[in-house]
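Here the structure comes first, spelled out in structure tokens, and everything after it is commentary.
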Amino acid sequence: MPHKEARSAGEGLERSCQRTIPGWLESSGPIGGVERFSAWFGGAAYHKHRHDTYAIGVTDCGVQVFDYRGGVHTSTPGQVVALYPDEMHDGRAGTGDGFGYRIIYVEPSLLIDAVRALRGKPSSLPVVSDVVSTNAGLSRAIDEAFRAPLTSLAVDSLVVDLARGLMAGERGDASPPISRRVDARALERARQFLDAEKTRVVRSHELEEITGLTRYDLARQFRIRLGISPYRYLLMRRLEYARDQIHRERPLAEIALDAGFADQAHFTRAFRSAFGLTPARYRALRTAYNPRTVRNRPSWSAPGGRPWAGSMDR
Numbered sequence: 108m109p110h111k112e113a114r115s116a117g118e119g120l121e122r123s124c125q126r127t128i129p130g131w132l133e134s135s136g137p138i139g140g141v142e143r144f145s146a147w148f149g150g151a152a153y154h155k156h157r158h159d160t161y162a163i164g165v166t167d168c169g170v171q172v173f174d175y176r177g178g179v180h181t182s183t184p185g186q187v188v189a190l191y192p193d194e195m196h197d198g199r200a201g202t203g204d205g206f207g208y209r210i211i212y213v214e215p216s217l218l219i220d221a222v223r224a225l226r227g228k229p230s231s232l233p234v235v236s237d238v239v240s241t242n243a244g245l246s247r248a249i250d251e252a253f254r255a256p257l258t259s260l261a262v263d264s265l266v267v268d269l270a271r272g273l274m275a276g277e278r279g280d281a282s283p284p285i286s287r288r289v290d291a292r293a294l295e296r297a298r299q300f301l302d303a304e305k306t307r308v309v310r311s312h313e314l315e316e317i318t319g320l321t322r323y324d325l326a327r328q329f330r331i332r333l334g335i336s337p338y339r340y341l342l343m344r345r346l347e348y349a350r351d352q353i354h355r356e357r358p359l360a361e362i363a364l365d366a367g368f369a370d371q372a373h374f375t376r377a378f379r380s381a382f383g384l385t386p387a388r389y390r391a392l393r394t395a396y397n398p399r400t401v402r403n404r405p406s407w408s409a410p411g412g413r414p415w416a417g418s419m420d421r
């Protein structure tokens, strides 16, 4: 990500900053009540301010220091910071090397709905016991949120994952009570719809109409029954379609668009994450394999000159 001079880390921070700060920032959203933000600052990042969203971030490099709820807190690489809405805080580098971080801002109402779906009953917004932690659930959710564009279904899954992580942080453990109730028929309708519409963006409200479930209850139940979120399920169906099109030797740029990806770069990242190879590498390896030429190659040998049992000419 290119560095660029920045005066703030968003609308609220811009009002609080009085001078140019060495650093850079990048943000996207808000989309469905969720905003992604990443930044690096070389010194004092921003003065005291507050926002009406929950802020959940991970420090990527350097040392991040901030005042919050009457105390001074420090976050180092890999640690998660979770700030409750409307709480005053600031931010600065703890060393001369500056600090970088990624953070998610999410509207409290979304988390309240997600927590209700997870617990199976009305609940208040979680308050984590430690503002700085190594909460694995929150860390994974943030990493996943920055891997691809935030679509409607991706936002739903992210909010549920954040709610689950906050609930674990509130209890001080990694196993918050989660309702296991599912509606098998509704989930099957959702699965069949995703199979049929795999090459386009599917909106949350479409699945709500088909299943009669809220988007967060659907995300919870879908993962329980199928072991994956609706967003990831749709992504994998899309990648399977793309892989089939690669087998048909179509241009990769065309495949990316036809499979519903925003661009070829997004397609490449998703394909590599799922299969361990880029689409171009996958195609090249398939092209290099020719059963007729393989049969004419010498057998692959184990030490001592004996053929491996798994040699391709067997």
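With the sequence shown counted from 1, adding 107 to any position gets you the working numbering.
Just so it is clear, CB atoms sit at the ideal spot from N, CA and C, and this is done for glycine as well.
Counting along the chain, where does the alpha helix (DSSP H) carrying residue i start and finish?
i: Phe144; result: Where Phe144 is concerned, there is no enclosing alpha helix (DSSP H), although the beta strand (DSSP E) it sits in stretches over 141-148.
i: Pro137; result: Not the alpha helix (DSSP H): Pro137 falls in the beta strand (DSSP E), residues 130-138.
i: Ile89; result: As shown, the chain starts at 108 and ends at 421. That puts residue 89 outside it, with no answer to give.
i: Ser311; result: 311-318
i: Ala255; result: Segment: none, Ala255 is in no alpha helix (DSSP H) and carries neither H nor E.
i: Arg327; result: 322-333
i: Leu346; result: 337-354
i: Arg357; result: Here Arg357 belongs to no alpha helix (DSSP H), and DSSP marks it neither H nor E.
i: Arg390; result: 386-395
Would you grab the beta carbon distance between residue i and residue j for me? Rounded to a whole angstrom, and I think it's under 8 Å.
i: Glu194; j: Val235; result: About 12 Å separates the two Cβ atoms, so there is no contact after all.
i: Ala252; j: Leu260; result: Ala252 to Leu260, Cβ: 13 Å. No contact.
i: Ile249; j: Val165; result: 5 Å
i: Ala270; j: Val222; result: 5 Å
i: Ala224; j: Tyr323; result: 4 Å
i: Asp167; j: His196; result: In fact, because the Cβ distance is near 19 Å, the residues do not count as touching under 8 Å.
i: His377; j: Gln371; result: Reading off the sequence, residue 377 comes out as Ala, not His. The pair is not a contact, with the Cβ atoms about 11 Å apart (cut-off 8 Å).
i: Ser286; j: Arg226; result: 6 Å
i: Leu232; j: Leu218; result: 6 Å
i: Ile353; j: Arg390; result: 5 Å
i: Ile138; j: Val267; result: Contact flag wrong, Cβ pair sits at about 16 Å.
Once the 5 residues before and after residue i are set aside, which same chain residues still bring their CB inside 6 Å of it?
i: Ala113; result: Interpretation of Ala113 is limited by its pLDDT of 32, a score under 50 that renders its predicted location unreliable; the figure taken from the coordinates is listed afterwards. Hits under 6 Å: Gly130, Trp131, Leu132.
i: Leu359; result: Pro386
i: Gly117; result: Per-residue confidence for Gly117 stands at a pLDDT of 40, beneath the threshold of 50, marking its modelled position as unreliable; the derived number appears in the next sentence. Counting only Cβ-Cβ distances below 6 Å, and skipping sequence neighbours, we find nothing.
i: Asp204; result: Gly169
i: Val239; result: His180, Ser182, Gln186, Val188
i: Gly412; result: The predicted position of Gly412 is uncertain, since its pLDDT is 45 and thus under 50; a value taken from the coordinates is nonetheless stated next. Excluding sequence neighbours, Gly412 sits near nothing in its chain.
i: Phe320; result: As written in the sequence, residue 320 is Leu, which differs from the Phe given in the question. Closer than 6 Å at the Cβ level, and outside the excluded window around Leu320, lie Ala293.
i: Arg379; result: Thr385
Quick one: what's got a C-beta closer than 8 Å to residue i's C-beta in the same chain, skipping five residues either side?
i: Gly367; result: Lys305, Thr306, Arg307, Val308, Arg345
i: Val289; result: Gln328, Ile331, Arg332
i: Thr318; result: Asp290, Ala293, Leu294, Arg296, Ala297, Leu325
i: His110; result: Note that His110 scores a pLDDT of 36, beneath 50, so its modelled location is shaky; the value from the coordinates is reported in the next line. Gly130, Trp131, Trp147.
i: Ala241; result: One detail in the question is off: residue 241 reads as Thr in this sequence, not Ala. Cβ neighbours of Thr241 beyond the five flanking positions: Gly185, Gln186, Val187.
i: Glu315; result: Thr321, Arg322, Leu325
i: Asp302; result: Arg344
Who are residue i's beta bridge partners in DSSP?
i: Tyr208; result: Ala146, Thr166
i: Leu190; result: Ala162
i: Ser182; result: Gln171
i: Ala151; result: Arg199
i: Val213; result: Val141, Tyr161
i: His156; result: His196
Going by beta carbon distance, what residues of the same chain come within less than 7 Å of residue i, once the five residues before and after it are set aside?
i: Glu214; result: Gly140, Thr160
i: Pro256; result: Ala369, His373
i: Ala162; result: Leu190, Ile210, Tyr212
i: Ser336; result: Ser264, Ala326, Phe329, Arg330
i: Gly119; result: Note that Gly119 scores 37 on pLDDT, short of 50, meaning its location in the model is unreliable; the coordinates nonetheless yield the value given after this. Cβ neighbours of Gly119 beyond the five flanking positions: His156, His158.
i: Gly136; result: Glu142, Arg143, Leu257
May I ask which residues mark the beginning and end of the beta strand (DSSP E) holding residue i?
i: Ala369; result: Run containing Ala369: none; DSSP gives neither H nor E here.
i: Leu290; result: The identity of residue 290 in the sequence shown is Asp, whereas the question assumes Leu. Careful: Asp290 lies outside any beta strand (DSSP E) and carries neither H nor E.
i: Asp237; result: Segment: none, Asp237 is in no beta strand (DSSP E) and carries neither H nor E.
i: Arg199; result: 196-200
Check whether the Cβ of residue i sits closer than 7 Å to any heavy atom of the ligand ADP, and report yes or no.
i: Gly367; result: Because no ligand of any kind appears in the structure shown, any question about the ligand ADP cannot be addressed here.
At the 8 Å Cβ level, is residue i part of the contact set with chain B, yes or no?
i: Leu132; result: Among the protein chains of the structure shown there is no chain B, as only one such chain exists.
When you compare the segment 285-305 with the segment 340-352, are there three or more beta-carbon pairs, one atom per stretch, that lie closer than 8 Å? Contact holds: three or more Cβ-Cβ distances are below 8 Å.
Report yes or no: do the segment 200-212 and the segment 142-161 share at least 3 C-beta pairs separated by less than 8 Å? These segments touch.
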